[in-house]
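Q: Residue 47 in the numbering used here sits at position 47 of the sequence shown, with consecutive numbering throughout. Cβ coordinates follow ideal geometry from the N, Cα and C atoms, glycine included. All figures in this text were calculated on a predicted structure; none of them were measured in a lab.
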Amino acid sequence: MTTPSVAEQTEGLTIPRLLHRNAVDYPDLPAITSLDLEGKPTLSWLEFRTAIAEVSRGLAGLGLAKGDRMLIMAPGCPDHIVADLAATHLSAIPCTAYATLSPDQIRFVARHSAAPVVVLGGESELTRWQPVLEDLPALRHIVVMDEATIPAGDDRFLSFADLRARGREALAADPDAFEASWQEIKPDDPLSMIYTSGTTGDPKGVVLSHRNAIHQAYAVTELHHPPMHATNIAYLPLAHIAERELSIYLPIVWAGHVHTLADPSGVVGALGQVHPESFFGVPRVWEKMVAGLKNMLGGVPEDRRTALLQANELLQQGYKLRSAGQPVPAELAEKIKQTDEAALAPIRALLGLDKVLVASSGAAALPVEIIYFLAGLGLEICEVWGLSETTGAATSNSGEAFRAGTVGKPLADIEVKVAEDGELLVRGPIVFLGYLQEDGTIKDATDADGWYATGDIGTIDEDGFVTITDRKKELIITSSGKNIAPTRVEGLLKEHPLIGQAVAIGDDRPYVTALIVLDDEIAPGWAAANGVEASPEELADHPAVRAELERAVESANSRLARIEQIKRYHVLPKAWTPESGELTPTLKLKRRVINDRYSTDIEALYAATRDPEPAAGA
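Pasting the structure below:
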């Protein structure tokens, strides 16, 4: 008997239909837990769907209807996800906005979406919204989770608790209304919307369908074979496509157990509480984990440190053989198994990663050396690649088929090809419906044959593994006409734990330079371990730090072609953040902002009249 394809398995499914299944088939199993509230309260699948039903009827009472957009700006918590799915049951289009948006950005998103209802967390979110509330003619109702922060005298405001209470009364009076509200939803109807980060201009509203999200979830399931009811931690912003897919839609397909965490900086502690079976980390999470472990090794007795490093190298050896498609000799495999159980399994347990069955990374490239070190701990990271427009992952490595340094192969029923100019094109059931227009229509962004141009430059090898080399709009073209991928240069620099961020400069210039930012968490620990006495602000100029950075740049340059090598660099002491403006909410570099803000420093790097030898710090 032929196994049905993912497309066949998902035909006719919608998110409300799957939620109904979970409430009926798994009513008492845990669905969602808040790690932020005392006692860590948990909702079962039946309780979770009941909460969604009550809030949905409450929103219906506010006039939210089919096709309306609803914005949410709140920390990740059960109520956030309940509000999102409540709107979905009305055929409205929920959209989480990044909590770091400025008032001007909020004005743009709110006016563009024409949202009649917004849901806010509390004081922090209200502070950002209040300067623009009078400039949003479509906005009729503002629901606030923290009732104590609601301003007096404005009848547009109501608390989330009040909204749910109203909905509970409406549901009791007419229980059939909720069930009827989602029955007519079709797989290709809009499910949710995500505003892109806006690295090159105003954000765009990416509209996703039920088919998009469900196909993505089933394809990931087919690739990684996670168990039903798998556990995970939702700690990234729900405005990020990865977190939406991993912590809203995938758990509905798996009937999994989501643990919400409002503050991403607490994820290390949360791992020790939850011991999740599925864990996604953006590269910065994995990089910091490795940097912290390496720092910790510095304080371990030498014999123990040597043993752990040898164990790490042994596991890396097996991983590299499998990555190259080569068999691992039986004797080596047995030695790896014994070493892992004796030396490395306890470390994974200490980290809270001992039960992880699927560990993944995306949103940016993860340096290969980080991948190898983690593999040496028995944590094999599956890199993925995709965009909001592809509902997250379009390609992925897996435990059975992987190649370090690539982003894997296309998911089931997904096609990827390389255009003549090197741009990657994607076609398949995960490609979004289109971009929201100001008049409320949705504009398709695929060509006549259904291909979506991703803006990423990449290659596909003879075995089907995809490698991303850069963003089409971010390639450096030097004054001599040479094309250089800045992310490769930046990735090699960031392999050193002292370097938190880096940007390569060189467009229309004679050679490549770099701005380097110290890691504000790792640098103080490195300084203490190396006997460096200096304040955080002084570290960037300390001779010992400069010498270490010089070695890091030399190491990066040793793996770059001469035209790619960093000839000069400037060190900045203060970390870049979305709040400071150099990064998007998804932690991507805002290159135009950086070039403008640090133009004086950049010009100084090119003050020399001749091509310097690599590398010289400034």
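Counting only the same chain and skipping the five closest in sequence on each side, list residues whose C-beta sits under 6 Å from that of LEU493.
A: One-based indexing of the sequence shown puts residue 493 at position 493. ILE499, ALA502, ALA556.
Q: For ILE347, collect the residues of the same chain with a Cβ closer than 7 Å to its Cβ; drop the 5 residues on either side in sequence, then sort them by chain order.
A: Against the sequence shown, residue 347 aligns to sequence position 347. The answer, listed in chain order, is LEU377.
Q: Terminal residues of the continuous beta strand (DSSP E) containing MET70?
A: Stepping through the sequence shown from its first residue, residue 70 is reached at position 70. Segment 69-73, the beta strand (DSSP E) holding MET70.
Q: Of all the alpha helix (DSSP H) runs that stay within the bounds of the segment 316-388, which reach a length of 4 or more residues?
A: With a minimum length of 4 residues, the continuous alpha helix (DSSP H) runs that stay inside the segment 316-388 are 330-339, 345-351, 368-375.
Q: Between ALA152, ALA291, VAL532, which has its C-alpha nearest ILE371's C-alpha?
A: Taking the first residue of the sequence shown as 1, we reach residue 371 at position 371. Nearest option by C-alpha distance: ALA291.
Q: Could you tell me the alpha carbon to alpha carbon distance between ALA604 and LYS288, rounded to whole angstroms?
A: Indexing the sequence shown from 1 puts residue 604 at position 604. Indexing the sequence shown from 1 puts residue 288 at position 288. Cα to Cα, the separation comes out at about 31 Å.
Q: Write down the C-beta distance between LEU29 and HIS229 rounded to the nearest angstrom, noting that I regard them as a contact closer than 8 Å.
A: As a working note, residue 29 is residue 29 in the sequence shown. As a working note, residue 229 is residue 229 in the sequence shown. Between HIS229 and LEU29 the Cβ distance is about 6 Å, and since that is below 8 Å, they are a contact.
Q: At which residue ranges does the segment 542-606 contain complete beta strand (DSSP E) runs of 3 or more residues, listed in the order of the chain?
A: Segments of the beta strand (DSSP E) lying fully in the segment 542-606: 566-572.
Q: So for PRO78, helix, strand or coil by DSSP?
A: Along the sequence shown, read from residue 1 onward, the residue named residue 78 stands at position 78. It is helical.
Q: Whole angstroms is fine: what's the gap from ARG211's alpha carbon to LEU18's?
A: Position 211 of the sequence shown, counted from the first residue, corresponds to residue 211. Position 18 of the sequence shown, counted from the first residue, corresponds to residue 18. Whole-angstrom Cα-Cα distance: 12 Å.
Q: Let me know the secondary structure DSSP gives THR406 once reduced to three states.
A: Counted from its first residue, the sequence shown places residue 406 at position 406. Coil at THR406, not helix or strand.
Q: In or out: GLU490 buried (at least 16 other Cβ within 10 Å) or exposed?
A: Translated into the one-based positions of the sequence shown, residue 490 becomes position 490. GLU490 should be labelled buried.
Q: Quick one, which of SER102, ILE142, PHE108 has its alpha-carbon nearest ARG128's?
A: Here the question's residue 128 lines up with position 128 in the sequence shown. Checked all of SER102, ILE142, PHE108; the closest Cα to ARG128 is SER102.
Q: Please look up how many angstroms separate the CB atoms of GLY205 and LEU436, rounded, as I've assumed it's under 8 Å.
A: On the sequence shown, position 205 is the one that residue 205 refers to. On the sequence shown, position 436 is the one that residue 436 refers to. GLY205 to LEU436, Cβ: 3 Å. Contact.
Q: May I ask which residues mark the beginning and end of the alpha helix (DSSP H) holding PHE48?
A: Mapped onto the sequence shown, residue 48 falls at position 48. PHE48 -> alpha helix (DSSP H) spans 45-61.
Q: Taking buried to mean at least 16 other C-beta atoms within 10 Å of its own C-beta, is GLY67 buried or exposed?
A: Locating residue 67 in the sequence shown gives position 67, counting from the first residue. GLY67 comes out exposed.
Q: Would you report the Cα separation of LEU357 and ALA307, rounded to the nearest angstrom?
A: Start at 1 with the first residue of the sequence shown, and residue 357 comes out as number 357. Start at 1 with the first residue of the sequence shown, and residue 307 comes out as number 307. Spanning the two alpha carbons is a distance of roughly 26 Å.
Q: Count the other C-beta atoms from every protein chain shown that fall within 10 angstroms of the C-beta of ASN530, then say buried if there are 16 or more, exposed otherwise.
A: Within the sequence shown, residue 530 is the residue found at index 530, counting from 1. ASN530 should be labelled exposed.
Q: Using the Cα positions of LYS482 and LYS590, report the straight-line distance between them to the nearest angstrom.
A: Within the sequence shown, numbered from 1, the residue matching residue 482 stands at position 482. Within the sequence shown, numbered from 1, the residue matching residue 590 stands at position 590. Using only the alpha carbons, I get a separation of about 23 Å.
Q: Am I right that THR42 and THR50 are in contact with their C-beta atoms under 8 Å? What's the rounded C-beta distance?
A: Reading the sequence shown from its first residue, position 42 is the one you call residue 42. Reading the sequence shown from its first residue, position 50 is the one you call residue 50. That belief does not hold up - the Cβ atoms of THR42 and THR50 are roughly 14 Å apart, past 8 Å.
Q: Where GLY464 and ALA110 are concerned, what is the direct C-alpha to C-alpha distance, given to the nearest angstrom?
A: On the sequence shown, residue 464 is found 464 positions in, with the first residue counted as 1. On the sequence shown, residue 110 is found 110 positions in, with the first residue counted as 1. Answer to the nearest angstrom: the Cα atoms are 42 Å apart.
Q: How many angstroms separate the CA atom of THR10 from the CA atom of ILE516?
A: Counted from its first residue, the sequence shown places residue 10 at position 10. Counted from its first residue, the sequence shown places residue 516 at position 516. The straight-line gap from Cα to Cα measures roughly 47 Å.
Q: Tell me whether LYS482 sits in a helix, a strand or coil according to DSSP, three-state version.
A: What you label residue 482 is simply residue 482 of the sequence shown in a count that begins at 1. Three-state result, LYS482: coil.
Q: Got a sec? Which residues, its chain only, sit under 7 Å from GLU243 by beta carbon, not counting five neighbours each side?
A: Locating residue 243 in the sequence shown gives position 243, counting from the first residue. Here the set comprises ALA234, LEU236, PRO237.
Q: Enumerate in chain order the residues of its own chain whose CB-to-CB distance from ILE468 is below 7 Å, with the five nearest sequence positions on each side excluded.
A: Stepping through the sequence shown from its first residue, residue 468 is reached at position 468. Here the set comprises ALA365, TRP385, VAL407, ASP456, GLY458.
Q: Among the residues of its own chain, which have a CB less than 7 Å from the CB of ALA593, if the five just before and after it don't count?
A: The count along the sequence shown starts at 1 and reaches residue 593 at position 593. Checking the displayed sequence, the identity of residue 593 turns out to be Val instead of Ala. Cβ within range, chain order: GLY581, GLU582.
Q: Got a sec? Which residues, its chain only, sit under 8 Å from SER5 by beta carbon, not counting five neighbours each side?
A: Locating residue 5 in the sequence shown gives position 5, counting from the first residue. Excluding positions up to five away in sequence, the list reads ALA412, ASP413.
Q: Can you grab the Cα-Cα spacing for the pair ALA161 / ASP84, in whole Å?
A: The residue labelled residue 161 in the question sits at position 161 within the sequence shown. The residue labelled residue 84 in the question sits at position 84 within the sequence shown. About 15 Å.
Q: Quick check: the Cα distance between ASN232 and ILE93, rounded to an integer number of angstroms?
A: As a first step, residue 232 must be located in the sequence shown, where it is residue number 232. As a first step, residue 93 must be located in the sequence shown, where it is residue number 93. Roughly 25 Å separates the two Cα atoms.
Q: Return the residue from the list LEU171, ASN595, ALA138 that minimises the CA-CA distance to ARG156.
A: Taking the first residue of the sequence shown as position 1, residue 156 is located at position 156. Out of LEU171, ASN595, ALA138, ALA138 has the C-alpha closest to the C-alpha of ARG156.
Q: Rounded to whole angstroms, what's the CA-CA distance from GLU38 to GLY266? Just pull it up for me.
A: In the sequence shown, the residue the question calls residue 38 occupies position 38. In the sequence shown, the residue the question calls residue 266 occupies position 266. About 15 Å.
Q: Confirm, please, whether the CB-CB distance from ASN22 to ILE248 is below 8 Å.
A: Counted from its first residue, the sequence shown places residue 248 at position 248. Counted from its first residue, the sequence shown places residue 22 at position 22. Contact: no.
Q: With distances taken between CB atoms, is the gap from ASP519 to PRO497 smaller than 8 Å?
A: Here residue 519 refers to the residue found at position 519 when the sequence shown is read from its first residue. Here residue 497 refers to the residue found at position 497 when the sequence shown is read from its first residue. Result yes, Cβ atoms of ASP519 and PRO497 sit closer than 8 Å.
Q: Mapping the DSSP letters down to three states, classify LEU37 as helix, strand or coil.
A: The residue labelled residue 37 in the question sits at position 37 within the sequence shown. Correct three-state label for LEU37: coil.
Q: Taking the alpha-carbon of PHE402 as reference, which of LEU293, LEU350, SER44, LYS320 has the nearest alpha-carbon?
A: Counting from one through the sequence shown, the residue named residue 402 turns up at place 402. Minimum Cα distance to PHE402 is reached at LYS320.
Q: Decide yes or no for the touch test of the segment 557-573 against the segment 312-332: beta carbon pairs closer than 8 Å, at least 3 of them.
A: No contact exists between the segment 557-573 and the segment 312-332.
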